[in-house]
DNA sequence: GCTCGTGTTGTGAACGCTCACAGCCTAATC
DNA sequence: GATTAGGCTGTGAGCGTTCACAACACGAGC
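Protein chains in written order, with my numbering: chain A, 46 to 392; chain B, 46 to 392.
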């Protein structure tokens, strides 16, 4: 209120020199104070701090990163942050990295094409960032060539295709699927169908493929599987197509909770009861899942942990760039709720 | 794949000088080519472009912004981007600003205290950004003093308290509430209760207050109103408390769709039917709302438009900083679905 | 044939900071 | 009392870019 906020836009901000003059020391001493370096006499430090406050001095980040050759900011390439999973990761990574003192710049990719991904990557590579996180869970993205774009700046991928030779953090989708299958088998189900997410997504494909094999291992009938687009509307449409196949189906594994919601609606519209006629399992455990009708049994993904792990991995990498590439794996848990029950034939 | 991606981390990136030497011109000429300035002979330009490509030169953003005193990036302070509205705005603003060629840096605020808001604001002010967007829909935030923190850098607020003298973009909540009330009155409801969002949020408070007055104007009974936390669980708990009051209630206006979901569940648990016994109206129109059981009547907010407007406003401001402060208003629409019907007494 | 402009290119300085080093002063050591 | 060590402070250079201006060449105009 005191400062002159209606001054014309080109007010020179105070610099190290200004502070130095005000405190009667050299700019270097001010720099030392600002950077908390030792060997500054207490009295001088006081004087400098006072001047800094009086002038409302703020270090110029651009100048600093020009001099140090580090930007102290990391970039995030986010894929379709409209969806629950990615947006959760974004927020959590941001929070975790902020705690480490890093700034954040963010670019999202609207469509999942490899071209878009590369464009965004290169856009971010332009900024000479200290590190990069890529939330880009798309299969087929040429990890090698993206890695090249980034050159030597460390980067970790979230939800990369397992087996890729990159630094990555991911959730063990196979484990989640196994939990779901065990749960259904335990209830006595024998006819399991699937609505999967877009198979271009690593998570969707992993879930899809593990489900196939897990059902085989359990000796269960593998019903039809339909691909949808993560949305409730997509899940609804997929369920209708599934119903049209007239395949026997007492349990339905759905790639995420939103699609599960759509599927429930479609089943109901067709006269099926959930869970009496058909049991449903989702993925994610969105905060609303417990309040669906019926409350949704789902495989919970701990996105917050993903964010934390990612930030931790990246900071490790920043200190020790030669850390061998590996994948940090997190395990999902099953949250049983009322959308799953014993199948009708077992009743 | 050709480049040496396993080089040690400190490879000097090529600079203007390197390119200049390679092309046999001065660094200034290269700069001119990079910045698309006129008066460079076609032949020279070709030669320079060739060298740029050969060396894979990328301008150093830090150096550039040090020299120009502009960063070409704008900052977003996001409040609780975990929620649907804020996260939608974030993504949409990002998309719109990217189209204008701006980079983006992002800071979120975990709790809604004014202190947190100021901390984040100042964190962002440190970066000497070209512009700032604040998604901080909290009542009581001292807009004046935040404005001071930012000094002369243009900033627009999303969902600011209407009436604040700032550049802002917002949705006309009053209009949305009026649509909802008209809808309910049209159906014959006379006993309307409310579950509001946290009243610290401008949007929640506006909805709450307009509801009071709109009901009064319509001559309707104003039932109890309970404050909840935007979540389904909060909506559930609030609805239970509402039921405990035993107040007459044929229609329930709920501050957002998630809470509406929780409320429906609580009503059902208590033996009420929706919409036969109680009609429910939500806010937002999340993509899942159409698949709730019953499909939710809701007041749709066009967050994409908010993002676009915001980006447009900001770019205007960047070109003409003296644009008078005003509020760009967007109007919500009512999406009638099956969760509202004629009240029982009118049946 | 000389001047003048115009298009093109180059030079010096500055942006605000950090790094490496040099210098100073005081106090401890012999 | 000279020497040395160590805490503290200052100086010069450089980070990679842009800006303002100077310099050059070339053809047109008198």
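Where is the CB? At the ideal position from N, CA and C, for every residue including glycine.
By alpha-carbon positions, which one of 288(B), 248(B), 307(B) and 225(B) ends up nearest to residue 298(B)? 225(B)
Within a Cβ cutoff of 7 angstroms, which residues of the same chain sit near residue 312(A), ignoring the five residues on either side of it in sequence? 284, 319 and 323
Quick check on DSSP: helix, strand or coil for residue 272(A)? strand
Residue environment, residue 291(A), which counts as buried when at least 16 other CB atoms sit within 10 Å: exposed
Write down every uninterrupted run of the beta strand (DSSP E) in the region 191 to 233 of chain B whose length is 3 residues or greater and which is fully enclosed by it, in chain order. 200 to 203 and 212 to 216
Name the residues in the region 292 to 313 of chain A whose C-beta lies less than 8 angstroms from a C-beta of chain B; which are they? 303, 306, 307, 309, 310 and 313
Rounded to whole angstroms, what's the CA-CA distance from residue 385(B) to residue 196(A)? Just pull it up for me. 57 angstroms
CA-CA distance, residue 133(A) and residue 143(A)? 15 angstroms
May I have a chain-ordered list of the alpha helix (DSSP H) segments no shorter than 4 residues that lie completely inside the region 243 to 267 of chain A? 247 to 262
Measuring alpha carbon to alpha carbon, tell me which of 326(B), 241(B), 271(B) and 377(B) ends up nearest residue 383(B). 326(B)
For the alpha helix (DSSP H) containing residue 166(B), list its first residue and its last residue. 159 to 170
I believe residue 360(B) touches residue 145(B) by the beta-carbon criterion, under 8 angstroms. Please report the beta-carbon distance rounded to the nearest angstrom. 5 angstroms
I'd like to know whether the C-beta of residue 46(B) is nearer than 8 angstroms to at least one C-beta of chain A. A caution first: residue 46(B) carries a pLDDT of 33, below 50, which makes its placement in the model unreliable, though a value can still be read off. Chain A contact via Cβ: present.
By the criterion of Cβ-Cβ separation under 8 angstroms, what are the contact partners of residue 171(B) in chain A? 103, 104 and 106
Do residue 183(A) and residue 162(A) have their beta-carbon atoms positioned less than 8 angstroms apart in this structure? yes
Which residues DSSP lists as bridging residue 294(B), in chain order: Answer is none; residue 294(B) lacks a bridge partner.
Alpha-carbon spacing of residue 231(B) relative to residue 317(B), whole angstroms: 22 angstroms
Local conformation of residue 376(B) per DSSP, three classes: coil
Given that a residue counts as buried once 16 or more other Cβ atoms are within 10 Å of its Cβ, and exposed if not, what is residue 348(B)? buried
Spell out the partners DSSP gives residue 342(A) in its beta bridges. 326(A)
Do you know whose CA, among 365(B), 277(B) and 199(B), lies nearest residue 121(B)'s CA? 199(B)
May I ask you to verify whether the region 265 to 283 of chain B touches the region 206 to 213 of chain B, counting CB pairs closer than 8 angstroms and requiring at least 3? no
If you follow the beta strand (DSSP E) that residue 120(B) is part of, which residue opens it and which one closes it? 118 to 124
Give a yes or no on whether 8 angstroms exceeds the smallest Cβ distance from residue 52(B) to chain A. Its pLDDT being 32, under 50, residue 52(B) is placed unreliably in this model, and the coordinates cannot settle the point.
For the beta strand (DSSP E) containing residue 151(A), name the first residue and the last one. 148 to 154
Whose Cβ in chain A lies nearer than 7 angstroms to the Cβ of residue 361(B)? Going along chain A, no residue has its Cβ under 7 angstroms from residue 361(B), so there is no contact; the nearest lies around 14 angstroms.
Going by beta carbon distance, what residues of the same chain come within less than 8 angstroms of residue 338(A), once the five residues before and after it are set aside? 309
Determine the DSSP secondary structure at residue 411(A), reduced to helix, strand or coil. Here chain A covers residues 46 to 392 and nothing more, so residue 411(A) does not appear.
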